[in-house]
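Please read the structure below before turning to the comments.
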Amino acid sequence: MLAHYARLEATVEAGIPRLFSLNPRAGFVVRAIEPVRAPSSPSGGYLPPNEDGSRPGTFYVNTYALPTRRTWDAEPLFLHEAVPGHHFQLALQQELTDVPAFRRFGQQTAFVEGLALYAEGLGKELGLYRDPYDQAGRLQGELWRAIRLVVDTGLHSQGWSRQQVLDYMFANAATGEPDAVAEAERYIAWPGQAQAYKTGELKILQLRARARQALGERFDIRRFHAEVLKDGAVPLDVLDARIERWIATQR
């Protein structure tokens, strides 16, 4: 499993210069989730680097109950949690020098998770999603986000039980029991968080389309991404206003 992610990292890193001009200085590694955390953890997760640079950004891969793990959704997971998703955004944010600490280390969930979900959509441009099974993994990820909207609302508005959530997941997604249980317990403990992903992604896609339409041949995807990333996580209305100002300067 770790070797598979190492190969994905090499492919993605080769394609990054085509889409990004702003890259974090902090290093990045792939490691297995510690056994004590693995049973209650999702398939993968990201830990930002230390402020002093003594620890690189880390993409943790869950190898617990390995026969139930799949690789056809590894590509969107890597793009989301690692490069160019959370690692780029969170590591760059920590490197800011002209903002207070809460801006460097805090989060705006719709921005952070929306940007990571947007990163999943860059796979083809970065050399991934070439295999039909990997493309199926990408589509399964889209379905999973739709399921989240349903089960989060069911839990916290419609009185659903934990078992109802699990039953809905098993009926509508290709998922194993360890992942489904971990996800269900996360939604129970963290109301509303899962819905922020799609909200943020749709806003970034809207801004990208707006900038492309306004600038035509002057639109540069690398400059657009740099503008989105350069000030760290901000509320979506602030991001909208900032991109509007940026568009005006590019005309």
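Be aware that the sequence shown starts at 191, since it is given in my numbering, and climbs by one per residue. C-beta atoms are modelled at their ideal positions from N, C-alpha and C, and glycine is treated no differently. Just so it is clear, the structure is predicted and the values come from calculations on it, not from any experiment.
### Query
Buried or exposed: P239, going by 16 or more other Cβ atoms within 10 Å of its Cβ?
Within the sequence shown, the letter at position 49 stands for residue 239. Under this definition P239 is a buried residue.
### Message
When you compare the CB positions of P266 and E315, do they come within less than 8 Å of one another, or not?
### Response
Against the sequence shown, residue 266 aligns to sequence position 76. Against the sequence shown, residue 315 aligns to sequence position 125. Their beta carbons are not under 8 Å apart, which means P266 does not touch E315 by this criterion.
### Task
Report buried or exposed for P214, applying the criterion of at least 16 other Cβ atoms within 10 angstroms of its Cβ.
Counted from its first residue, the sequence shown places residue 214 at position 24. Result: buried.
### Message
Tell me which residues share the same chain as V273 and place their Cβ nearer than 6 Å to its Cβ, disregarding the 5 neighbours each side in the sequence.
### Response
As a working note, residue 273 is residue 83 in the sequence shown. The answer, listed in chain order, is V202.
### Query
Going by DSSP, which residues form a beta bridge with T248?
As a working note, residue 248 is residue 58 in the sequence shown. In the DSSP output, where bridge partners are listed per residue, T248 has V219, L237.
### Classification of W380 by the beta-carbon crowding that lies within 10 angstroms, buried from 16 upward
The sequence position of residue 380 within the sequence shown is 190, counting from 1. With fewer than 16 Cβ atoms within 10 Å of its Cβ, W380 is classed as exposed.
### Task
For K442, count neighbouring C-beta atoms within 10 Å of its own C-beta (all shown protein chains included) and say buried if the count is 16 or more, exposed if not.
This structure cannot settle anything about residue 442, because the visible part of the chain is limited to 191 through 441.
### Message
For R455, count the other beta carbons within 10 Å of its own beta carbon; 16 or more makes it buried, fewer makes it exposed. Which is it?
### Response
Beyond the ends of the chain as shown, which are 191 and 441, falls residue 455; an answer cannot be given.
### Query
Cβ atoms of V355 and Y377: under 8 Å apart, would you say?
Indexing the sequence shown from 1 puts residue 377 at position 187. Indexing the sequence shown from 1 puts residue 355 at position 165. Yes; because the gap between Cβ atoms is below 8 Å, this pair is in contact.
### Query
Out of curiosity, what's the CA-to-CA distance linking G296 and A370?
One-based indexing of the sequence shown puts residue 296 at position 106. One-based indexing of the sequence shown puts residue 370 at position 180. Roughly 28 Å separates the two Cα atoms.
### Query
What does a CB cutoff of less than 6 Å around G247 pick up in its chain, not counting 5 residues either side in sequence?
For the purposes of this step, residue 247 is taken as the residue at position 57 of the sequence shown. These residues qualify, in order along the chain: A216, F218, P238, P239, H277, A281.
### Query
Would H415 be called buried (16 or more neighbouring beta carbons within 10 Å of its own) or exposed?
One-based indexing of the sequence shown puts residue 415 at position 225. Buried, because 16 or more other Cβ atoms sit within 10 Å of the Cβ of H415.
### Query
For L192 versus V220, is the C-beta spacing smaller than 8 Å?
Within the sequence shown, the letter at position 2 stands for residue 192. Within the sequence shown, the letter at position 30 stands for residue 220. Cβ atoms of L192 and V220: closer than 8 Å.
### Query
Around the C-beta of A255, are 16 or more other C-beta atoms found within 10 angstroms, so that it is buried, or is it exposed?
Along the sequence shown, read from residue 1 onward, the residue named residue 255 stands at position 65. A255 comes out exposed.
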